[in-house]
Structures are given as C-alpha cells and as structure tokens.
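Here the sequence shown is numbered in numbering that gives the first Met the number 0, starting from 0 and rising by one per residue. Virtual Cβ for every residue (Gly too), placed ideally from N, Cα, C.
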Amino acid sequence: MQGKSMETIRILFVGDVVGATGREMFAKHIGAIKQQYAIDAVVVNGENSSNQGRGITPKIAQFFFDHQVDVITSGNHIWYSRDIYAYLDQNPRILRPANFPSGAPGSGVVVIQVKGRRVAIVNLQGRVFMREQTECPLRAADSILTYLKDKTNIIFVDYHAEATSEKMALAYYLEGRVSGVVGTHTHIQTADERVLPKGTAYITDLGMCGSLNSMLGMQKDAIMSHFLTQLPVKFTVDTSSPFVLSG
Numbered sequence: 000m001q002g003k004s005m006e007t008i009r010i011l012f013v014g015d016v017v018g019a020t021g022r023e024m025f026a027k028h029i030g031a032i033k034q035q036y037a038i039d040a041v042v043v044n045g046e047n048s049s050n051q052g053r054g055i056t057p058k059i060a061q062f063f064f065d066h067q068v069d070v071i072t073s074g075n076h077i078w079y080s081r082d083i084y085a086y087l088d089q090n091p092r093i094l095r096p097a098n099f100p101s102g103a104p105g106s107g108v109v110v111i112q113v114k115g116r117r118v119a120i121v122n123l124q125g126r127v128f129m130r131e132q133t134e135c136p137l138r139a140a141d142s143i144l145t146y147l148k149d150k151t152n153i154i155f156v157d158y159h160a161e162a163t164s165e166k167m168a169l170a171y172y173l174e175g176r177v178s179g180v181v182g183t184h185t186h187i188q189t190a191d192e193r194v195l196p197k198g199t200a201y202i203t204d205l206g207m208c209g210s211l212n213s214m215l216g217m218q219k220d221a222i223m224s225h226f227l228t229q230l231p232v233k234f235t236v237d238t239s240s241p242f243v244l245s246g
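Following this line, the structure appears as structure tokens:
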C-alpha cells in the first residue's frame, strides 16, 4: 500500500497456522521470508495454532510475537481455550472477530505503526455456514470505518468466513474504502488474488501453515472415517512432511 509519500509498505498475511507443526514451520521460515521480500509487518491467523489444532493460548500468542509477528487475527475457534479470554483484553495486538456481540473479550481492530505510518488491521467473521450468531459483518465494517476515519486510511481486513460468495460480497462492499480484504478459515489457498477496480487487494482464502498431505492440517484417516460413518471422531494435528506455508 502506498502512502502520501509514495513509500511502499509490505505486509505479509499468513493463513491459519495449524498446531505445533504450523508454528514450527512459521518460525523456521519467517526470517528468510521477511528478508527476501522486504516485509515491513507480519499478520498471522492464529486461531488453530494450539497443539490440538483449535484455539490459541497466551503462551502461543507470545511465541508468535517473539517470532516477528505484529498482529494475530482469529475466527470462530478463538474461544476454544478460556485462558485466552483475559489475554484478549490485555493485549490489543491479538484480535477476535469484531462482529461478535458487545461484551465479548478483546477487540476486532487495532492500529499499528509501520514505517512511520498508521495501519489498521480488522478482523471479521462471516455468518454463512457458521454456528456463531455474529452481527452483520458488512454493517460492522461500516462502524469500524467510521471509527478509523480520523486515524488512518490504510486498512486491511482478515475475513474469517466459509462461503466464497460471502467473502466476495464483503470485498465488493468495501472496495475502494479499504486497502485489502483477505479471506481465512478454509485452509485452502485460492487462486483468485487480484486488485479490484477501485484499488482494493483481494484473495478469497490465504490457505494455511501446516502439513500439506493432510485434511486442513489434520490427520486424514479420522476425518475420512467420520465421512463414512457419521460418528464423532477426534481430530489430530498431522505432523508429517511435506509442509506448506501459505499467505
């Protein structure tokens, strides 16, 4: 994103980091990636980064901050570990979706300094095929843009949603009003990255950081058993190589 001085700001968004496998993959490569692409800030979706592949703990959040992460975004699994509730109120750089009802811990927007410019990171969650009864993400985005009006015009949105149409709807709704909209949640990177006509960057899903030959970062056998039998199974993070780091 180019500011008034036309100085380029490079922000890396990393898709859902899955379990210890994803954390180790990220930690191993983030330094080289930042150097190769001259990255100025790093945003990671950490809602699946616990050892179980669901949720995040304060210790894991600090792990990311210790490994050059500027902001952690999340989604529906942010509430999996109750240990994170108080931490969300204590550390504004870890976000939960902004369109959860008022009274939920934490915030869904943060403004950080990047190369002397103020940059806003916004976290929203979709409603299609999602269990949580969140508020309308489009109207929530309007409220956030009003809040940010006198703070910055460099705004990026992590939209944690299931349906591609819902992600595209938000992108078109915010087109020309935000710098970029990136989708997360499905763990499968899409091939539709582009800049919309009014200048907003967009991709339907960033993908994930985890085991490549897995099912969304989890071991395949249990999930296939669930599809075949419809019986409940325990999902286990896949630790087998090769690995993928998508963003």
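According to the DSSP assignment, Q112 belongs to the beta strand (DSSP E) that extends over V108 to V113. By the neighbour-count definition (other C-beta atoms within 10 Å, threshold 16), F99 is a buried residue. DSSP places I55 in the coil class of the three-state scheme, outside both helix and strand. Closest by C-alpha distance to A200, out of C208, D191 and M207, is D191. Counting only runs of 4+ residues, the alpha helix (DSSP H) found wholly inside the stretch 197-231 occupies 219-228, in chain order. Excluding sequence positions up to five before and after S106, its CB lies within less than 8 Å of the CB of L87, P91, L94, R95 and A97, all in the same chain and listed in chain order. If only complete runs of 3 or more residues are kept, the stretch 19-47 shows the beta strand (DSSP E) at 40-44, in order along the chain. In this structure, M207 places its C-beta atom within 7 Å of the C-beta atom of G216. Listed in chain order, the non-local C-beta contacts of A170 below 7 Å within the same chain comprise V180, L195, T199 and Y201, local neighbours out to five positions each way being set aside. For a cut-off of 8 Å, the C-beta gap from H66 to I29 is around 6 Å, short enough to register as a contact.
N122 sits close to D157, with the two beta carbons spaced by under 7 Å.
A Cβ-Cβ distance of about 3 Å is found for the pair A160 and G125, placing them in contact under the 8 Å criterion.
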